[in-house]
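Throughout, the numbering used here is defined as the position within the sequence shown, counted from one, plus 578.
Every residue gets a Cβ at the ideal spot worked out from N, C-alpha and C, and that includes glycine.
Keep in mind it's a predicted model, so treat the numbers as computed, not measured.
Scroll down for the structure; my scribbles are underneath it.
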Amino acid sequence: MTVGERVKQKRTELGWTRQRLAKETGIPVSTLATLEYGDSRTSRSVVTIAAALGVSPSWLNDGSSTADLAVTPNTLTPDERRLLFLYRALLSADKKVAVRIIRGLVAGSEP
Numbered sequence: 579m580t581v582g583e584r585v586k587q588k589r590t591e592l593g594w595t596r597q598r599l600a601k602e603t604g605i606p607v608s609t610l611a612t613l614e615y616g617d618s619r620t621s622r623s624v625v626t627i628a629a630a631l632g633v634s635p636s637w638l639n640d641g642s643s644t645a646d647l648a649v650t651p652n653t654l655t656p657d658e659r660r661l662l663f664l665y666r667a668l669l670s671a672d673k674k675v676a677v678r679i680i681r682g683l684v685a686g687s688e689p
């Protein structure tokens, strides 16, 4: 199974359209469609897509781990718990800004 096939599989399981995934990731619908149809040149967005779909990047890349990331208080690091606590303290509009900032940071760290 390719990266694009796994993206489509998980997106479909969630009942999401490409438009919804585009909104969640900030990645254009056309780029997502290209990825789902097998163009691996768009795979540098895998980290961002994996985060939106709630799966591990390694599962999207090669299916080598389980698809679902179990996020429970016991699986979060202290930094992750602190970040979640701070996020929950934000006003709704500020949460949107925080998500955009984090997406930008993730996109900037992708190869």
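Proximal residues to residue i (C-beta, below 6 Å), its chain only, five neighbours per side dropped
| i | result |
| --- | --- |
| R660 | none |
| E591 | none |
| G682 | none |
| R589 | L599 |
| L631 | K588 |
Beta-carbon proximity list for residue i, same chain, < 7 Å, skipping 5 on both sides
| i | result |
| --- | --- |
| Y665 | K673 and A676 |
| E614 | G582, V585 and K586 |
Proximal residues to residue i (C-beta, below 8 Å), its chain only, five neighbours per side dropped
| i | result |
| --- | --- |
| P606 | A600 |
| T626 | T603, G604, I605, R681, V684, A685 and E688 |
Distance CB(residue i)-CB(residue j) smaller than 8 Å
| i | j | result |
| --- | --- | --- |
| A629 | V684 | yes |
| G604 | T580 | no |
Exercise for review: Counting only runs of 4+ residues fully inside the region 610 to 638, write out the alpha helix (DSSP H) ranges in chain order.
Suggested key: 624 to 631
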